[in-house]
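K.L.:
Numbering (the working numbering), first residue to last: 1 to 186.
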């Protein structure tokens, strides 16, 4: 099994192999190109993101700048909106449902590093997926780490750091994010 296969399976892998370096460089080149497209040229922006990302809905808007590692591990649903400075580190999969709104300066990090310093110092890492349900709203400056699932209809308060799964229909906030209240969607 090569390092890319290990990465995609969430196993410990070496991200500094020739193929993974090249894929990250290609992705970053496309991100740079995307971020330099004039903001009013929506058709060109969306065409580039459709090429870069693993899956998109038909209706989406990602404000510039946007950065990611590979692109092909990111799936966004219909009516997706992300404000400025979205960062998605995606050696693991990151899936967003429909009607997801993301405030500015948010980050989604799937790569994790071993606690054992000897292994970590070898440059090895692993990843865990992030899955976001439908109708989720992220306030500004939210960070979500790998291995997290966020349930439908939930709200993540500004400045939160999400370190545990979030159930459906709740408001969470804080570092680490904790449930503040339930949402009645009737």
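For each residue, glycine too, the CB sits at the ideal point set by N, CA and C.
What does residue 101 pair with, by DSSP beta-bridge criteria?
P.N.:
Taking the chain shown and counting its residues from 1, the one referred to as residue 101 is at position 101. For residue 101, which the question treats as bridged, DSSP gives the partners 81 and 137.
K.L.:
Determine the direct distance from the alpha carbon of residue 29 to that of residue 6, and round the result to whole angstroms.
P.N.:
In the chain shown, residue 6 corresponds to position 6, counting from 1. In the chain shown, residue 29 corresponds to position 29, counting from 1. Going by the C-alpha atoms only, they are around 24 Å apart.
K.L.:
Who are the Cβ neighbours of residue 3 in its own chain at under 7 Å, not counting the five residues just before and after it?
P.N.:
Working through the chain shown from its first residue, we reach residue 3 at position 3. Here the set comprises 13, 14, 17 and 20.
K.L.:
Out of 150, 164 and 69, which one is the CA nearest neighbour of residue 202?
P.N.:
Only positions 1 to 186 of the chain appear in the structure, and residue 202 is not among them; the question remains open.
K.L.:
From residue 110 to residue 59, what does the alpha carbon distance come to, in whole angstroms?
P.N.:
For the purposes of this step, residue 110 is taken as residue 110 along the chain shown, with counting starting at 1. For the purposes of this step, residue 59 is taken as residue 59 along the chain shown, with counting starting at 1. Rounded to whole angstroms, residue 110 to residue 59 spans 25 Å at the Cα level.
K.L.:
Using only CA atoms, which one of 101, 141 and 121 lies nearest to residue 135?
P.N.:
Here residue 135 refers to the residue found at position 135 of the chain shown. Minimum Cα distance to residue 135 is reached at 101.
K.L.:
Give me the Cβ distance between residue 145 and residue 119, rounded to the nearest whole Å; I'm assuming they're in contact under 8 Å.
P.N.:
Taking the first residue of the chain shown as 1, we reach residue 145 at position 145. Taking the first residue of the chain shown as 1, we reach residue 119 at position 119. Rounded, the Cβ-Cβ distance is 19 Å, inconsistent with contact.
K.L.:
Evaluate residue 125 with the Cβ neighbour count: other Cβ atoms within 10 Å of its Cβ, from every protein chain shown; 16 or more gives buried, anything less gives exposed.
P.N.:
Here residue 125 is taken as the residue at index 125 of the chain shown, counted from 1. Its Cβ being crowded by 16 or more others within 10 Å, residue 125 is buried.
K.L.:
Are there 16 or more other CB atoms within 10 angstroms of the CB of residue 176, so buried, or fewer, so exposed?
P.N.:
Counting from one through the chain shown, the residue named residue 176 turns up at place 176. With fewer than 16 Cβ atoms within 10 Å of its Cβ, residue 176 is classed as exposed.
K.L.:
Three or more C-beta pairs closer than 8 Å, one from the segment 69-84 and one from the segment 39-56: is that the case here?
P.N.:
The segment 69-84 is in contact with the segment 39-56.
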